[in-house]
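Here is the structure we will look at, set down as structure tokens.
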Amino acid sequence: MNKLQRVTMFALVLAAAAGAGRASAQTTAGQGVDDAARHPAAPLLERYCFRCHGPETQTAGVNIDGLIAQRPLVRNRGAWTRVIDAVEVGKMPPAGAPQPAGAERETLHALLSDSIDNFDYSTVDDPGYEPVKRLTHRELDNTLRDLVGANFTLTDRFPAELAGASGFDNTANTLFLESTLMERYIAAAERVVELMLPAEPATDAQRGAHDLVFIATPGGGVGDEEAAELVLRHFLGRAYRRPPSEADVARALGRYRAARRSGQAFEDAVKVVLQAVLISPKFLLRVETPPVGGNTEPYRISDWDLASRLSYFLWSSMPDAELRDLARRGELSDPAVLDAQVDRMLADPKADTLGTSFAAQWLGFQHVGSRIWLDPIDNPWCTDTLMTAMRDESSLFFLSLVRDNQPIRRLIDADYTYVNEELAATLYGMEGIEGAHMRRVRLDDPNRGGYLGHGSVLALTSNYKDTSPVKRGHYVLDVLLGTPPPPPPPGAGVLSEELGDLRRLSFREKLEMHSSNPTCSACHSRIDPIGFSLENFDYFGRWRDTYHFRERVETEEEANEIRIVEDTNVFTEKRFYRNTYTPIQAAGSLPSGTAFDGPAGLKRTLIEERHDDLVRQTASKMLSYALGRQLEYYDEPALRKILAALEADDYRFQTLVKEIVASYPFQYKK
Numbered sequence: 001m002n003k004l005q006r007v008t009m010f011a012l013v014l015a016a017a018a019g020a021g022r023a024s025a026q027t028t029a030g031q032g033v034d035d036a037a038r039h040p041a042a043p044l045l046e047r048y049c050f051r052c053h054g055p056e057t058q059t060a061g062v063n064i065d066g067l068i069a070q071r072p073l074v075r076n077r078g079a080w081t082r083v084i085d086a087v088e089v090g091k092m093p094p095a096g097a098p099q100p101a102g103a104e105r106e107t108l109h110a111l112l113s114d115s116i117d118n119f120d121y122s123t124v125d126d127p128g129y130e131p132v133k134r135l136t137h138r139e140l141d142n143t144l145r146d147l148v149g150a151n152f153t154l155t156d157r158f159p160a161e162l163a164g165a166s167g168f169d170n171t172a173n174t175l176f177l178e179s180t181l182m183e184r185y186i187a188a189a190e191r192v193v194e195l196m197l198p199a200e201p202a203t204d205a206q207r208g209a210h211d212l213v214f215i216a217t218p219g220g221g222v223g224d225e226e227a228a229e230l231v232l233r234h235f236l237g238r239a240y241r242r243p244p245s246e247a248d249v250a251r252a253l254g255r256y257r258a259a260r261r262s263g264q265a266f267e268d269a270v271k272v273v274l275q276a277v278l279i280s281p282k283f284l285l286r287v288e289t290p291p292v293g294g295n296t297e298p299y300r301i302s303d304w305d306l307a308s309r310l311s312y313f314l315w316s317s318m319p320d321a322e323l324r325d326l327a328r329r330g331e332l333s334d335p336a337v338l339d340a341q342v343d344r345m346l347a348d349p350k351a352d353t354l355g356t357s358f359a360a361q362w363l364g365f366q367h368v369g370s371r372i373w374l375d376p377i378d379n380p381w382c383t384d385t386l387m388t389a390m391r392d393e394s395s396l397f398f399l400s401l402v403r404d405n406q407p408i409r410r411l412i413d414a415d416y417t418y419v420n421e422e423l424a425a426t427l428y429g430m431e432g433i434e435g436a437h438m439r440r441v442r443l444d445d446p447n448r449g450g451y452l453g454h455g456s457v458l459a460l461t462s463n464y465k466d467t468s469p470v471k472r473g474h475y476v477l478d479v480l481l482g483t484p485p486p487p488p489p490p491g492a493g494v495l496s497e498e499l500g501d502l503r504r505l506s507f508r509e510k511l512e513m514h515s516s517n518p519t520c521s522a523c524h525s526r527i528d529p530i531g532f533s534l535e536n537f538d539y540f541g542r543w544r545d546t547y548h549f550r551e552r553v554e555t556e557e558e559a560n561e562i563r564i565v566e567d568t569n570v571f572t573e574k575r576f577y578r579n580t581y582t583p584i585q586a587a588g589s590l591p592s593g594t595a596f597d598g599p600a601g602l603k604r605t606l607i608e609e610r611h612d613d614l615v616r617q618t619a620s621k622m623l624s625y626a627l628g629r630q631l632e633y634y635d636e637p638a639l640r641k642i643l644a645a646l647e648a649d650d651y652r653f654q655t656l657v658k659e660i661v662a663s664y665p666f667q668y669k670k
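For the sequence shown, our numbering assigns the number 1 to the initial residue and increments by one for each residue that follows.
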């Protein structure tokens with residue numbers, strides 16, 4: 001591809017992205033704030049809250065003046081829930097600030113709670129707006145795999161993806177298109193065409209790619225340009241994920257003719273066009289068909305767009321031939337057909353991305369081996385293959401829940417997992433497991449089943465070579481249950497020097513002293529019992545019954561361990577240490593008063609008391625991932641419908657997937 005072609009394609013892609021951004025901004029503006037009437041709570045908020053949380057101060061990043069102007073208040077449910085909680089317990093206004101009278105506090109609490117808890121969602125008819133968005137790096141690799149048979153990763157050296165507020169890298173408002181990324185696209189297009197479509201295919205993969213692309217060649221009554229049109233029309237339809245327009249075909253043939261006039265052979269001229277297609281906006285961006293006549297009301301998306309939404313949800317890749325054929329016939333949106341397609345697609349190995357992409361991002365275990373790792377010199381047991389097995393255990397486990405149509409509660413209380421020899425022996429103390437391949441094994445230990453017993457999650461929620469009950473408790477509340485505690489006040493995460501110097505106290509005792517501060521106790525009473533119930537798992541998920549403390553002492557009489565430090569050129573020194581072992585106390589209770597002990601007790605309590613939160617969080621996260629955007633208040637009716645269907649079918653995973661695919665925001669657009 002020459003420089004002019006590159007510049008032209010670059011300009012086209014940037015123009016398309018800019019247009020998408022303008023459309024997004026216009027749509028957001030169209031959902032403007034209704035300021036016609038002040039909220040009845042506004043006078044009390046202005047009197048008691050604006051001093052610290054007004055537009056000028058915004059203490060802790062909270063601007064209540066701005067929040068009260070955004071209507072309805074459920075648009076910012078999370079922020080208002082924290083405000084309501086602070087008003088209810090008397091945490092706000094802070095001591096020393098003007099305080100509302102008892103009746104005023106009750107009135108403020110009632111007005112805000114009514115706006116949040118009793119909002120009439122039947123007044124909302126908005127499936128949301130999904131702007132044009134580019135393929136993620138994972139989606140690009142998978143699409144090139146299915147489009148031309150590319151059996152290698154092309155995006156290893158691409159800039160890292162960002163995760164939006166939803167926690168997923170497929171969130172539309174984080175999929176930026178920088179000029180440096182465009183250069184990588186150009187190089188990737190050239191590389192995939194060069195490696196997969198050489199003049200003389202030498203491997204099975206290259207021969208397969210040639211058969212995928214060159215469905216016709218000149219000869220046997222087929223003319224040169226006729227063959228080119230057949231090849232290009234077929235490739236454009238697959239690459240653009242919809243039938244190409246006649247203008248698309250004409251442009252492609254124009255490039256083909258120009259290449260032929262320059263002296264290139266048939267296949268080489270076609271490959272010039274293929275490179276241009278692979279950096280075109282219609283390939284790199286997921287573009288959906290707008291309604292005829294500029295309709296601003298919600299409308300059902302086309303079967304072609306539905307095929308793309310479905311395939312990128314379940315496969316992180318392009319629609320296959322069967323989906324395209326159903327879309328061409330207009331049959332895909334038929335509920336029975338769509339239901340059967342979900343069954344077929346979940347059984348396909350391409351649906352493994354639900355474990356390696358969705359679950360890995362939601363639960364965070366994708367970071368094991370990158371952000372989460374140990375120095376291999378000091379920890380020779382912590383190998384790359386071990387950390388790969390840790391990730392594989394968690395992704396295979398999630399896939400089994402979906403493919404076996406198990407209840408959502410099995411995320412926490414399953415009685416099986418996936419291990420290989422290294423993972424079983426190194427972290428879990430299992431015997432009789434041989435070989436590097438991952439296999440499903442039954443668990444007799446009630447502490448180990450489910451994600452709270454996975455080494456990946458336990459390492460993710462630890463500090464380097466030290467457990468963190470606060471991180472683990474926060475993870476359960478935030479990631480698994482979707483009920484995060486409010487952000488801590490400044491400096492709250494640091495133990496005071498006085499506490500830090502009390503070496504003979506356990507970390508639990510120090511944290512309990514730290515948490516006795518009323519400002520801290522409101523959150524720590526929720527976080528700490530959960531985190532400490534998992535303390536029998538060390539920082540990489542190995543079971544332990546005691547804490548081990550090593551303290552250096554001055555004399556041999558005080559020591560029960562002696563180490564010799566040698567330097568043959570200078571000195572030899574004895575160092576004395578005293579090792580102590582303290583039993584782990586893993587008992588705790590929730591603010592409700594329910595007591596539990598250890599991981600098994602915690603899991604049982606979560607299922608009994610927090611099952612609804614677990615189900616809602618799982619459904620919310622999967623719906624957000626499927627839509628490629630953060631959920632908004634107007635998605636609540638769809639979410640409630642999904643939850644009702646789950647309740648009627650024992651909260652099973654395939655019901656969740658199918659209800660998301662059938663949901664209003666998945667099949668409609670505004």
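Backbone N, C-alpha and C fix where the C-beta goes; we use that ideal spot for every residue, glycine too.
Cβ neighbour criterion (16 or more within 10 Å) applied to residue i
i, result
"L162", "exposed"
"R410", "buried"
"E566", "exposed"
"K465", "exposed"
"F152", "exposed"
"W362", "buried"
"F397", "buried"
"Y581", "exposed"
"V457", "buried"
"V292", "exposed"
Nearest neighbour of residue i, chosen from the options [CA to CA]
i, options, result
"P243", "L458, D305, E267, P201", "D305"
"H437", "R552, A97, K282, D392", "D392"
"R207", "T174, D404, H367, V148", "V148"
"R440", "A347, D114, A559, L423", "L423"
"V694", "T618, A259, L427", "With the chain running from 1 to 670 in the structure shown, residue 694 is simply not present."
"A95", "D114, T81, C52", "C52"
"A37", "Q70, K621, S525", "Q70"
"Y121", "D404, E632, D348, D538", "E632"
"A150", "D156, R157, D141", "D141"
"V470", "E535, R552, P40", "E535"
"V272", "K282, R260, F283, P281", "R260"
"V192", "S395, L278, G473", "L278"
"L623", "L253, F358, L452", "F358"
"R472", "P446, P529, A425", "P529"
Beta-bridge partners of residue i, as assigned by DSSP
i, result
"K133", "R286"
"N579", "R550"
"A595", "S589"
"T417", "V441"
"S462", "T467"
"V222", "G219"
"T572", "E566"
"I372", "V368"
"K669", "Y299"
"P407", "R652"
"W304", "In the DSSP output, where bridge partners are listed per residue, W304 has none listed."
Pair within 9 Å by beta-carbon distance, residue i and residue j
i, j, result
"Y416", "G449", "yes"
"T356", "Q341", "no"
"D125", "P298", "yes"
"V89", "L112", "no"
"F540", "G455", "yes"
"G628", "Y240", "no"
"L338", "V661", "yes"
"T123", "L135", "no"
"E130", "Y48", "no"
Rounded distance between the beta-carbons of residue j and residue i, thought under 8 Å
i, j, result
"L73", "I116", "6 Å"
"T289", "S302", "5 Å"
"G364", "L460", "5 Å"
"N560", "R575", "Wrong, their Cβ atoms sit about 13 Å apart, outside the cutoff."
"D352", "L399", "6 Å"
"D413", "K603", "5 Å"
"F653", "N405", "6 Å"
heavy atom of the ligand NAP below 8 Å from residue i C-beta
i, result
"G601", "No copy of the ligand NAP appears in this structure; indeed no ligand is present at all."
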